[in-house]
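One structure is given below, encoded as structure tokens.
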Amino acid sequence: MNQNVIFQLNNVSKQFVKGKESLSIFDGLDLSIQKGDFVAIMGPSGSGKTTLLNLLGGVDQPTSGEIHFDNERIDELSENQLAKWRANNVGFIFQFYNLMPMLNAARNVELPLLLTNLSSAQRQQSVKTALELVGLTDRAKHMPGELSGGQLQRVAIARAVVSDPKLLLCDEPTGDLDRQTADEILEMLQLLNREFEKTIVMVTHDPAAAKYANRTLHLDKGQFVEKELVT
Amino acid sequence: MNDLFLVYKNLTRKKMRLFLTSFAIFIAFLIFGAVSALKGSLDSGIEMSADNRLVVVHKTNFTVSLPYAYVNKVKSIEGVKDVTHANWFGGYYQEPASQIVAMAVEPQTYFDVYNELVIAPEEKQRWLKNQTGMLIGKRMAKVYGWKIGDRVPISSNIFSHKQGGHTWEFVVDGIFDAEEVQTDTGYMIFHYKYFKETQSFGGSNVGWLVLTTDSSSINEKVAKAIDMEFANSQAETETSTEKAFNKAFLEQLGNIGLIIFSVVFMAFFTILIVVGNTMVLAVRERTNEIAVLKTLGFKSIRIFKMILMESLLLAFIGGLIGLAVSYLVIQGVSEQLARFLPNMVLSQSIIIQALVYMLVLGFVTGIVPAMSALRLNIISGFNRG
Numbered sequence: 300m301n302q303n304v305i306f307q308l309n310n311v312s313k314q315f316v317k318g319k320e321s322l323s324i325f326d327g328l329d330l331s332i333q334k335g336d337f338v339a340i341m342g343p344s345g346s347g348k349t350t351l352l353n354l355l356g357g358v359d360q361p362t363s364g365e366i367h368f369d370n371e372r373i374d375e376l377s378e379n380q381l382a383k384w385r386a387n388n389v390g391f392i393f394q395f396y397n398l399m400p401m402l403n404a405a406r407n408v409e410l411p412l413l414l415t416n417l418s419s420a421q422r423q424q425s426v427k428t429a430l431e432l433v434g435l436t437d438r439a440k441h442m443p444g445e446l447s448g449g450q451l452q453r454v455a456i457a458r459a460v461v462s463d464p465k466l467l468l469c470d471e472p473t474g475d476l477d478r479q480t481a482d483e484i485l486e487m488l489q490l491l492n493r494e495f496e497k498t499i500v501m502v503t504h505d506p507a508a509a510k511y512a513n514r515t516l517h518l519d520k521g522q523f524v525e526k527e528l529v530t
Numbered sequence: 002m003n004d005l006f007l008v009y010k011n012l013t014r015k016k017m018r019l020f021l022t023s024f025a026i027f028i029a030f031l032i033f034g035a036v037s038a039l040k041g042s043l044d045s046g047i048e049m050s051a052d053n054r055l056v057v058v059h060k061t062n063f064t065v066s067l068p069y070a071y072v073n074k075v076k077s078i079e080g081v082k083d084v085t086h087a088n089w090f091g092g093y094y095q096e097p098a099s100q101i102v103a104m105a106v107e108p109q110t111y112f113d114v115y116n117e118l119v120i121a122p123e124e125k126q127r128w129l130k131n132q133t134g135m136l137i138g139k140r141m142a143k144v145y146g147w148k149i150g151d152r153v154p155i156s157s158n159i160f161s162h163k164q165g166g167h168t169w170e171f172v173v174d175g176i177f178d179a180e181e182v183q184t185d186t187g188y189m190i191f192h193y194k195y196f197k198e199t200q201s202f203g204g205s206n207v208g209w210l211v212l213t214t215d216s217s218s219i220n221e222k223v224a225k226a227i228d229m230e231f232a233n234s235q236a237e238t239e240t241s242t243e244k245a246f247n248k249a250f251l252e253q254l255g256n257i258g259l260i261i262f263s264v265v266f267m268a269f270f271t272i273l274i275v276v277g278n279t280m281v282l283a284v285r286e287r288t289n290e291i292a293v294l295k296t297l298g299f300k301s302i303r304i305f306k307m308i309l310m311e312s313l314l315l316a317f318i319g320g321l322i323g324l325a326v327s328y329l330v331i332q333g334v335s336e337q338l339a340r341f342l343p344n345m346v347l348s349q350s351i352i353i354q355a356l357v358y359m360l361v362l363g364f365v366t367g368i369v370p371a372m373s374a375l376r377l378n379i380i381s382g383f384n385r386g
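Below is the structure:
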């Protein structure tokens, strides 16, 4: 595998079985993502965008085929190995933020660090840095219910980057936000990609959001149609 | 922040639910502590009975007396070590409602048979010499505030005094205690001879005999020999171990053990349903959050442990408070109830039993939601959430 490639999908198939019916999402999908890339994945509903994101994030396994991440086959890892892999390599950003309602912003950001060997003081320092990065230092003690949609997504981004993963997976990260806030979030993702060299894969319905990516992949009927975008 | 902090935050996120569930557990353990102490009090007579002590009563029932001649006859039976006898006085102090346990006993042999009782030699000697003297147990002395030298009028609701009335006057010659705290000392004893000479009816019968055998292994043989000795006589006997006798006496009130077991079982069964249901709902509400934790990289077994820890914490919060309050209640009422229910205490064994029940309650109520979380697939977790 090319050293510059972070993700390599070879002949990946994914089928869902519901009752007696079998539904094929992908059949022989190939994909290559470079390190430091910012990829937007677009496509109609049911085209398999989220399923692909799940496969890339190691929360789902392909029916067949190979998924390589940084020279490691993640499709062969056990559930526990995948959990460890996700903790070490992936930051997740969701459409509806998925913060823990009973924890304040700082505690939410600290969550992934519970999976590391960092001391409490080191964790606090990392949380502080992450919140500074997203401009929410003054909201550290606020509960999720006290924050706006844009602030919630910033906390989610801080949580995603706090353990310094190589990869950020974003599932409709601006789907619940107004245009202006969405642009702020997308600029932040762009910053993380350009300044901190995070590889970002973002699923979106929004063509305006996709413009922030280096390239957009159109997914339709389990196949990609690649279009280069001017950035 | 650590896993325990997350558990605490999850537990306390709905304060009213936490309060109501803990309150239900609290009530269950309050009941458990109280009824177990009650049962312990009722059983203390059985538990503290000596293994080699037998009780001989009239075959009809223990309220029918036996001829005095039986004492010597029983003494001569092989395997019998010491024999004493007692008569129920039906005593009360001042008011008929204020009943006390008073027995006319054979003073020379009583302490040979009840050798777990402890009394200062000079007090015992004083009593042996004083026919109108009585010995009182330490607990009775405490309840009534009687001291050595006090003259105490004790009345009988059964017997009449030869000189008229129902009241005898006794002098407190000594106060006896017991080797074990659980042994009941809430009664008084006085001379059988004084009783026989001053009562207006009843002849020279004895209420029942108590004897010790050379060894508990020959109890059955000795009991059979005694009953055989008096078979086909006018006063046939029934001999049993003291433990069995006390147990049978207690069971006249009903099957206390079964009643207590039923109450505790119902309380715990209800709590199990309530808490189990609450835990299942609480975790189901958090399906999405569990899926998020798993996505972030938390292993399933770690989440399983956190949920189990949560249910255990819940059981212990309510349980320990319930047990603590039952301790205070028992402490508060044991003095007032001492006359009827001696030795009502929250013993170490009850506390250990309660802790085990808390552990079981926490585990049983937490295992189903914890297993659901363990098995939860991330994608279906997000879909359901």
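Those protein sequence lines, which keep their order, are chains R and C.
Each residue of the first sequence is one higher than the last, beginning at 300 in my numbering.
Each residue of the second sequence is one higher than the last, beginning at 2 in my numbering.
We put the CB at the ideal spot given by N, CA and C, even for glycine.
Please read all numbers here as calculations on a predicted model, not as lab measurements.
Residue burial classification, PHE315/R (beta-carbon count within 10 angstroms, cutoff 16): Flag for PHE315/R reads exposed.
Could you tell me whether the Cβ of MET401/R comes closer than 9 angstroms to any Cβ of chain C? Taking Cβ atoms only, chain C reaches closer than 9 angstroms to MET401/R, which makes this a yes.
The beta strand (DSSP E) spanning ASN309/R covers which residue range? 304-317
SER1/C to LYS300/C span [Cα, whole Å]: Given a span of 2 to 386 for chain C in the structure shown, any question on residue 1/C remains unanswerable.
Please report the distance separating the alpha-carbon of ALA316/C from that of MET359/C. 5 angstroms
Against chain C, which members of the stretch 484-513 of chain R pass a CB distance test of less than 8 angstroms? none
Quick one: measure Cβ to Cβ for LYS313/R and PHE325/R, integer angstroms, because I've assumed they're closer than 8 angstroms. Correct: roughly 5 angstroms between the Cβ atoms.
I'd like to know whether the C-beta atoms of ALA29/C and ILE308/C end up nearer to each other than 9 angstroms. no
Does GLU527/R get closer than 9 angstroms to chain C when you measure Cβ to Cβ? Only weak support is given to the placement of GLU527/R: the predicted model assigns it a pLDDT of 47, under 50, and the question is left unresolved by the model.
If you check the beta carbons only, do LEU314/C and GLY363/C fall under 9 angstroms apart? yes
So is LYS510/R buried or exposed if we call it buried at 16+ other beta carbons inside 10 Å? exposed
Say whether chain C places a C-beta atom closer than 9 angstroms to the C-beta of GLY356/R. yes
With distance defined between alpha-carbon atoms, name the residue in VAL173/C, LEU67/C, GLY382/C and SER37/C nearest to GLN349/C. SER37/C
Under the three-state DSSP convention, the category ILE308/C falls into: helix
Could you run through the stretch 286-301 of chain C and flag, in chain order, every residue whose CB is less than 8 angstroms away from some CB of chain R? ASN289, GLU290, VAL293, LEU294, LYS295, THR296, LEU297, GLY298, PHE299, LYS300 and SER301
Compare the beta carbon distance of ILE274/C and VAL284/C with 9 angstroms and say whether it is the shorter of the two. no
Please list the partners that PRO472/R has in chain C, where partner means a Cβ-to-Cβ separation under 9 angstroms. Those within 9 angstroms of PRO472/R in chain C number zero; the least Cβ separation is about 15 angstroms.
Could you pull the start and end residues of the alpha helix (DSSP H) that LEU351/R belongs to? From DSSP, the alpha helix (DSSP H) with LEU351/R extends over 348-355.
Any idea what DSSP makes of SER355/C, helix, strand or coil? As written in the sequence, residue 355/C is Ala, which differs from the Ser given in the question. Three-state result, ALA355/C: helix.
Nearest to ASP83/C by alpha carbon, out of PHE90/C, GLY91/C, PHE266/C and LYS74/C? Looking at the Cα atoms, LYS74/C is the closest of the given residues.
One or two residues paired with ASN88/C in a DSSP bridge: In DSSP, ASN88/C forms a bridge with ALA105/C.
Cβ neighbour criterion (16 or more within 10 Å) applied to GLU107/C: buried
Out of THR85/C, GLY319/C, ASP174/C and PHE63/C, state which residue places its alpha-carbon closest to the alpha-carbon of GLU237/C. Per the Cα distances, PHE63/C.
Proximity test, Cβ basis, 9 angstroms: LYS383/R and chain C: yes
Chain-ordered neighbours of LYS143/C on chain A, where CB pairs are closer than 9 angstroms: Absence of chain A from the displayed structure is noted, the protein chains being R and C.
Looking at the structure shown, is ALA268/C part of a helix, part of a strand, or coil, going by DSSP? Assigned with DSSP and collapsed to three states, ALA268/C falls in helix.
Residue-chain proximity (LEU315/C, chain R), Cβ-Cβ < 9 angstroms: no
Helix, strand or coil for LYS1/C per DSSP? In the structure displayed, chain C extends from 2 to 386; residue 1/C sits before or after that span and is not available.
Neighbourhood of GLU527/R by C-beta distance below 7 angstroms, restricted to the same chain and skipping five residues each side: Only weak support exists for where GLU527/R lies, its pLDDT of 47 falling under 50; the value from the coordinates is given anyway. Answer for GLU527/R: ARG514, listed in chain order.
Going by DSSP, what residues sit across from GLU320/R in a beta bridge? LYS317/R
How should LYS215/C be labelled, buried or exposed, when 16 other C-beta atoms within 10 angstroms of its C-beta is the threshold for buried? Checking the sequence shown, residue 215/C turns out to be Asp, not Lys. Looking at its Cβ environment, which holds fewer than 16 other Cβ atoms inside 10 Å, ASP215/C is exposed.
Proximal residues of chain C, C-beta to C-beta of ASN416/R below 7 angstroms: Within chain C, no residue comes near ASN416/R; the closest Cβ sits about 13 angstroms away, beyond 7 angstroms.
Spell out whether any CB of chain R is found under 9 angstroms from the CB atom of ARG18/C. no
Which residues mark the beginning and the end of the alpha helix (DSSP H) in which MET141/C is found? For MET141/C, the enclosing alpha helix (DSSP H) starts and ends at 139-145.
Quick one: which chain R residues come within Cβ less than 7 angstroms of LYS10/C? Neighbours of LYS10/C on chain R, chain order: MET401 and LEU402.
Please state the DSSP three-state secondary structure of GLY320/C. helix
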